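Just so you know, the sequence shown maps onto residues 2 to 762 in our numbering. By construction, the Cβ of each residue, glycine as well, lies at the ideal position given by its N, Cα and C atoms. If you're wondering where the values come from, they're calculated on a predicted model, not measured in any experiment.
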Amino acid sequence: MALASAMTAAATMFPGIIFADEQEKNIPKDADLDWKKGPCRFCGVGCGILVGVENGKAVAVKGDPSSSVNKGLLCVKGYHQIMCIASKDRLTHALVKKNGTYVKTPINDALDLVASKMKQTIKNHGKDSVAMYTSGQSTIPEGYVASKFMKGAIGTNNLDCNARLCMASAVAGFLTTFGADEPMGCYEDIDSADYFITWGNNMAEMHPVLFSRMLEQKNRRDAKIIDFATRTTRSSTASNKSILFEPQTDLAVANAICYEIVNNGWVNTSFVEEHCNFNKGLTKMGYGLEDNYKFKDKPSKISFEEYKEFLEDYTPEKVSKYSKVSVKDIKYLAAIYGDPNKKVVSYWCMGMNQHTRGTWMNNLVYNIHLLTGKISQPGNGPFSLTGQPSACGTAREVGTFTHKLPKGVVTNEKHRRKAAKIWKVPYERIPSKPTYHATEMFRAVDRGDIKFIWTQVTNPLVSLPKTSRYKPGMQKESCFVVVSDVFPTPTSDLADVILPATWHIEKSGLYGNSERRTQHWDKMVEGPGETTDDAWMTIEVAKRMGYGDLFPYSKENHVEEIYNEYRQFHVGKKHNMAPLEVLKSQAGAIWPYVEGKSTQWRFNAAYDPACDNGKDFHFYGKPDGKAVIWQRPYEPAAESPDDEYPFWLNTGRVIEHWHTGSMTRRIPVLHKAVPHSYVELHPEDAKKMKIKNGEKVKVVSRRGSCILPASVNERGLPTIGQVFVPFFDENMMINDVTLDAFCPISKEPDYKKCAVKIIKA
Ligand SMILES: Nc1nc2c(c(=O)[nH]1)N[C@H]1C(S)=C(S)[C@@H](COP(=O)(O)OP(=O)(O)OC[C@H]3O[C@@H](n4cnc5c(=O)[nH]c(N)nc54)[C@H](O)[C@@H]3O)O[C@H]1N2
Ligand SMILES: Nc1nc2c(c(=O)[nH]1)N[C@H]1C(S)=C(S)[C@@H](COP(=O)(O)OP(=O)(O)OC[C@H]3O[C@@H](n4cnc5c(=O)[nH]c(N)nc54)[C@H](O)[C@@H]3O)O[C@H]1N2
Ligand code: SF4
Ligand SMILES: [Mo]
Numbered sequence: 002m003a004l005a006s007a008m009t010a011a012a013t014m015f016p017g018i019i020f021a022d023e024q025e026k027n028i029p030k031d032a033d034l035d036w037k038k039g040p041c042r043f044c045g046v047g048c049g050i051l052v053g054v055e056n057g058k059a060v061a062v063k064g065d066p067s068s069s070v071n072k073g074l075l076c077v078k079g080y081h082q083i084m085c086i087a088s089k090d091r092l093t094h095a096l097v098k099k100n101g102t103y104v105k106t107p108i109n110d111a112l113d114l115v116a117s118k119m120k121q122t123i124k125n126h127g128k129d130s131v132a133m134y135t136s137g138q139s140t141i142p143e144g145y146v147a148s149k150f151m152k153g154a155i156g157t158n159n160l161d162c163n164a165r166l167c168m169a170s171a172v173a174g175f176l177t178t179f180g181a182d183e184p185m186g187c188y189e190d191i192d193s194a195d196y197f198i199t200w201g202n203n204m205a206e207m208h209p210v211l212f213s214r215m216l217e218q219k220n221r222r223d224a225k226i227i228d229f230a231t232r233t234t235r236s237s238t239a240s241n242k243s244i245l246f247e248p249q250t251d252l253a254v255a256n257a258i259c260y261e262i263v264n265n266g267w268v269n270t271s272f273v274e275e276h277c278n279f280n281k282g283l284t285k286m287g288y289g290l291e292d293n294y295k296f297k298d299k300p301s302k303i304s305f306e307e308y309k310e311f312l313e314d315y316t317p318e319k320v321s322k323y324s325k326v327s328v329k330d331i332k333y334l335a336a337i338y339g340d341p342n343k344k345v346v347s348y349w350c351m352g353m354n355q356h357t358r359g360t361w362m363n364n365l366v367y368n369i370h371l372l373t374g375k376i377s378q379p380g381n382g383p384f385s386l387t388g389q390p391s392a393c394g395t396a397r398e399v400g401t402f403t404h405k406l407p408k409g410v411v412t413n414e415k416h417r418r419k420a421a422k423i424w425k426v427p428y429e430r431i432p433s434k435p436t437y438h439a440t441e442m443f444r445a446v447d448r449g450d451i452k453f454i455w456t457q458v459t460n461p462l463v464s465l466p467k468t469s470r471y472k473p474g475m476q477k478e479s480c481f482v483v484v485s486d487v488f489p490t491p492t493s494d495l496a497d498v499i500l501p502a503t504w505h506i507e508k509s510g511l512y513g514n515s516e517r518r519t520q521h522w523d524k525m526v527e528g529p530g531e532t533t534d535d536a537w538m539t540i541e542v543a544k545r546m547g548y549g550d551l552f553p554y555s556k557e558n559h560v561e562e563i564y565n566e567y568r569q570f571h572v573g574k575k576h577n578m579a580p581l582e583v584l585k586s587q588a589g590a591i592w593p594y595v596e597g598k599s600t601q602w603r604f605n606a607a608y609d610p611a612c613d614n615g616k617d618f619h620f621y622g623k624p625d626g627k628a629v630i631w632q633r634p635y636e637p638a639a640e641s642p643d644d645e646y647p648f649w650l651n652t653g654r655v656i657e658h659w660h661t662g663s664m665t666r667r668i669p670v671l672h673k674a675v676p677h678s679y680v681e682l683h684p685e686d687a688k689k690m691k692i693k694n695g696e697k698v699k700v701v702s703r704r705g706s707c708i709l710p711a712s713v714n715e716r717g718l719p720t721i722g723q724v725f726v727p728f729f730d731e732n733m734m735i736n737d738v739t740l741d742a743f744c745p746i747s748k749e750p751d752y753k754k755c756a757v758k759i760i761k762a
């Protein structure tokens, strides 16, 4: 119902999608619009958009028919995106807090203040007392200058980003299994797969255009979609089959699928012998709940026989008991993967990544594809979906994490030397030890160890887990807070300085999407007032701190100059990035971009020019060219329901809203469609507690509480004993309730599981 009201054009059979020809009908034919191309501002699908500009104003958006990603389609957020920029409360000038009130301040004075505070803090308390926290929605140049500024100029690794909350487990999964980050396949996999199996994600709402491409294949050639999840969503109802499991037990089911593959003789023996090793790591890793928690895995090789023995604990019969997936359904899933004549793509996103065993979970799905050899071929492969528009391009490729560099990691001397050379800084300046990952960074702010923090393109006081601790932490006098945003948010409400940023189409930039596609756009319209792009604000602060010679870019052309400098990091067949001329002339290109061509399937010698071992596949991320099949057990969640807190709390999103709602709640049509958050209950639980739809209930955990209206039999259906809350509403702060437990390997928090009680309010 809500979706229907959010759609502009006629209803279609595909949820969330309006077809290109239908939207064409809604654009006045005589309009004299100048159409400018770029990627969508919102999700990691990376649809191509065309923005219609008239007299210097953006007035329309349509899907780019020339983009292979979306072929002219967009979802509701895509179509309405530009409407947020005209919001009445747009930040147009810098604001500096003086005696408790915000004073409008010329941007140059505000940047002077930021630079002098940062310099003074470093002088008094050392380099590691200042920090930057950025975003998978930052552009590639924004991420690049932040990294160069913190690591190359100042010389601290106090740089992390919100992609830690999102893709860190995916990254750790890729590195441990393949030694190389990001998916090996591409969206064209959809055109030839027989089965799509989703592992706890809701593509109909979160990756809607890709889901529409899957539905098209389902309708056209009977491809099957199987939704394996903890909650019934729109993705489940649009699929051929929905299979529900108990939270956290995906670990056990994945092992049970491997058990079936191994014990039914479905292993692709030649592939495994040629291309795989078997490893095990440490177990009982803990959950990172205490400050300064440290963990380092110790991998060791095992034999196939040992692995087979380990799987004995995961027979479908044993796993069925606690996963609540029937033996029949486990065998059904295994048989699909095990059938050499069926092509299968697995998709996942936050259900597997926001998991205290998220790295393991990623390893386990790779195991299934490696055991069967269903990988790196059109229509066959594991595909980790990205959430943010540039979590890949910026957070992962530029490397805005504490341990990362634009190429490689700070702990590797060769990588540090390479960065120092390109940045023209002394090699000793880049510290070799990572410092704070996101959660630990805000713990350090709370403890008073970090005394200056600058957040860009992120709204942590709504999005962090356990804001009940981190919000009071940020409020403390001990830390000077700088927030760059386009709108006021609960995070900027606590800032000492608020810097007004230009939005997406008001600046030039580049993003990198889920399928390794780099996309460029040119500035389309002017930003209001003294708004300035984030990269340029970082550069201006760096200059004021005396690092001007490291940032010799021009204001007009800095995006191009920075991209050209950055490209040097990735030269070579394994990661070459397309030149700007190419990106300007078409809707992006996939890296490795070699000899004028995108590489669509990595590690497969038939497609990937970097394969050079003389074999059909080459997992060149690992020194011996072999991928790793990991022995990873089932372990319970950090917190599970008990007598006092009898429900699982699962949190996530809805199609109409983007994360903390700062942008989409300022788009009238989207806000009206879903004006506030809610808590979904199973009808039987609601009946037992005499809670009716719309009645206010209090969701309480050991950390905090949140009052929301109940939602029964509306959009989604949690299982009995589980509740679900979307986190877009800053007035209903569900992150005061969530737990800051994280995966010890990736350090990504688990927003999907903690224990709560429900009280009628
Ligand atoms: N409309 C819209 N689209 C978006 C976004 C948005 O804010 N709004 N954000 C983007 C971003 S950054 C992200 S990260 C993605 C998120 O995309 P998704 O991951 O698809 O969405 P979520 O709602 O976060 O996650 C919901 C799923 O978590 C699963 N889950 C819960 N517990 C478990 C478990 O123990 N194991 C497994 N395997 N699954 C579990 C549930 O089955 C549920 O369907 O969406 C992107 N797209
Ligand atoms: N409970 C719960 N919490 C979660 C999750 C969950 O599943 N459940 N998911 C986590 C995940 S996967 C993610 S990715 C995070 C996202 O968490 P956040 O990154 O904190 O959320 P956003 O709302 O995307 O914040 C982006 C901010 O940047 C601003 N902005 C937009 N464009 C620009 C720009 O060009 N420049 C500047 N300076 N600012 C700009 C927006 O107004 C907004 O305030 O949330 C995490 N939090
Ligand atoms: S699917 Fe994602 S990228 Fe495409 S229009 Fe929707 S939000 Fe934008
Ligand atoms: Mo995300």
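A distance of 8 Å or more separates the beta carbons of TRP349 and GLY589. At least one heavy atom of ligand 4 lies closer than 7 Å to the C-beta of GLN389. Within the model, the alpha-carbon separation for GLY339 versus VAL366 is close to 13 Å. Under the DSSP definition of a beta bridge, TRP455 partners with MET133, VAL483. Note that the C-beta distance between SER377 and GLY174 is not below 8 Å. Ligand 3 has a heavy atom closer than 7 Å to the beta-carbon of LEU75. Between TYR437 and the set HIS576, CYS162, LYS627, SER139, the nearest pair of CA atoms involves CYS162.
Sorting THR177, ASN614, LYS38 by C-alpha distance to the C-alpha of LYS585 places LYS38 at the top.
Residue pairing for THR233: DSSP places it in a beta bridge opposite LEU718. For the pair LYS285 and TYR635, the Cα-to-Cα distance works out to about 10 Å.
With respect to the 8 Å criterion, ILE108 and GLU596 are not classified as neighbours on the basis of their beta carbons. Taken in chain order, the unbroken stretches of beta strand (DSSP E) that lie wholly in the segment 227-283 and span 3 residues or more are 242-245, 277-281. GLY513 places its beta carbon 8 Å or farther from that of TRP522. In this structure LEU34 is in contact with ALA61, their Cβ atoms being roughly 6 Å apart against a cut-off of 8 Å. Per DSSP, the continuous alpha helix (DSSP H) segment holding ALA536 begins and ends at 535-543. For THR665 against LYS78, the beta-carbon gap comes to about 6 Å, under 8 Å, which counts as contact.
Listed in chain order, the non-local C-beta contacts of SER464 below 8 Å within the same chain comprise ASN163, LEU166, HIS660, THR661, PHE728, ASN736, local neighbours out to five positions each way being set aside.
In the three-state reduction of the DSSP assignment, GLU640 falls in the coil class, being assigned neither a helical nor a strand state. Rounded to the nearest whole angstrom, the C-alpha separation of ASP751 and GLY101 is 35 Å. Residue pairing by DSSP places GLU681 opposite SER712, PHE725 in a beta bridge. Between LYS297 and CYS755, the alpha-carbon positions lie close to 25 Å from each other. Relative to ligand 4, the beta carbon of CYS167 is positioned inside 7 Å of a heavy atom. The alpha-carbon of MET84 is positioned some 23 Å away from that of ASP494.
Assignment of beta-bridge partners to THR652 by DSSP yields VAL726. Boundaries of the beta strand (DSSP E) harbouring VAL346: 345-349, taken from the DSSP string. Shown here, GLU596 sits in coil according to DSSP, grouped into three states, outside any helix or strand. Judged by beta-carbon spacing, VAL726 lies beyond the 8 Å limit of SER702, meaning their Cβ atoms are not closer than that value. About 7 Å separates the CB atoms of VAL483 and ASP497; that is less than 8 Å, so the two are in contact. Using a 10 angstroms sphere on the CB of PRO647, the tally of other CB atoms stays under 16, which defines it as exposed. Assignment of LYS124 by DSSP, reduced to helix, strand and coil, places it in the helix class. Fewer than three beta-carbon pairs drawn from the segment 297-314 and the segment 370-386 are found closer than 8 Å, and the two stretches are therefore not classed as touching. With contacts defined by Cβ atoms closer than 8 Å, GLY717 and ARG222 do not form a contacting pair.
Only residues of its own chain outside the window of five on either side were considered, and among them THR503, LYS508 have a CB closer than 6 Å to the CB of ASP534, listed in chain order. By the criterion of a C-beta distance shorter than 6 Å, LEU551 is surrounded in its chain by ALA154, once the five residues flanking it on both sides are discounted. If you check the C-beta of ILE668 against ligand 2, you find no heavy atom less than 7 Å away. Here the alpha carbon of LYS477 sits roughly 34 Å from the alpha carbon of VAL675.
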